[in-house]
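This report refers to the structure that appears directly beneath it.
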Amino acid sequence: MTDYKDLNIGVLALQGDFERHQHQLFALGADVTLIRLAAELRQVDGLIIPGGESTTIDKLLDRFALREPLIDFGRKKPIWGTCAGMIMLSKKIDDNLSGVTPLGLMDIDVVRNGYGRQVFSFHTDLRAELNGGMTTLKADFIRAPRITRHGDKVNTIAVYRGDPVLVVERHLMASSFHTELEEDTTLLRYFLDRSFRVEPGQAQR
Ligand code: GLN
Numbered sequence: 357m358t359d360y361k362d363l364n365i366g367v368l369a370l371q372g373d374f375e376r377h378q379h380q381l382f383a384l385g386a387d388v389t390l391i392r393l394a395a396e397l398r399q400v401d402g403l404i405i406p407g408g409e410s411t412t413i414d415k416l417l418d419r420f421a422l423r424e425p426l427i428d429f430g431r432k433k434p435i436w437g438t439c440a441g442m443i444m445l446s447k448k449i450d451d452n453l454s455g456v457t458p459l460g461l462m463d464i465d466v467v468r469n470g471y472g473r474q475v476f477s478f479h480t481d482l483r484a485e486l487n488g489g490m491t492t493l494k495a496d497f498i499r500a501p502r503i504t505r506h507g508d509k510v511n512t513i514a515v516y517r518g519d520p521v522l523v524v525e526r527h528l529m530a531s532s533f534h535t536e537l538e539e540d541t542t543l544l545r546y547f548l549d550r551s552f553r554v555e556p557g558q559a560q561r
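Read in order, the letters of the sequence shown correspond to residues 357 to 561 in this note's numbering.
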């Protein structure tokens, strides 16, 4: 098994599901820094923006003066946004009645709660193309965002009912769904491996 002891991964801890990500990172042996201050970003190699409520995360980013530091961080360093985290990474939010201002780091547009208000959450086995082979992920969709557009440089790793739900773009990754609620760390390991174990010059997808 790959050793993750040399990594310190930040988890944005303003609101939402940060403790489950911390739990999974600890299970892999990585160090974790819960991020509430801009200065804490300097200690970490990569970052997870968890699910939660994007309207709240959006307000707290400004209150904690984290918006610009996060944009700077994401220009260079790996970030994985799950659910509300995907919304925050996006370029544009369709029908944005809530007034959330996304960070604009990934070339995707999303619609919040895009899998229907009547079905607030569901669990599904999702086929994903990880490391050149197909893997089944246990995916929880909880008032999940739907990707409505993505740019040419965005690669789709998993699809649900015809829409991309797991995408990567250079060192950034976003998933509509959660996997941290289960004990299965497959997708977390994929994020860490593609972010930190790729030889220089080797193409990422
Ligand atoms: N619907 C939430 C939002 O718009 C996201 C839900 C989640 O992160 N599980 O922020």
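Note that beta-carbon positions come from the ideal geometry of N, C-alpha and C, so glycine has one too.
About 6 Å separates the beta carbon of R483 from that of M490, a gap short enough to meet the 8 Å contact definition. Secondary structure note for E485: it is in no alpha helix (DSSP H), and the uninterrupted beta strand (DSSP E) holding it is S477 to L486.
In the DSSP assignment, G441 falls within the unbroken alpha helix (DSSP H) covering A440 to L445.
Around the beta carbon of L393, a 10 Å sphere encloses fewer than 16 other beta carbons of the protein chains shown; the residue is thus reported as exposed. Secondary-structure assignment with DSSP links H534 through a beta bridge to D496. Going by C-alpha positions, H534 is about 7 Å away from C439. Within the same chain, and ignoring the five residues on either side of D481 in sequence, the residues whose Cβ sits closer than 8 Å to its Cβ are T492, L493, K494 and A495. The Cβ neighbour count for D359, taken over all protein chains shown within 10 Å, is under 16; the residue is labelled exposed.
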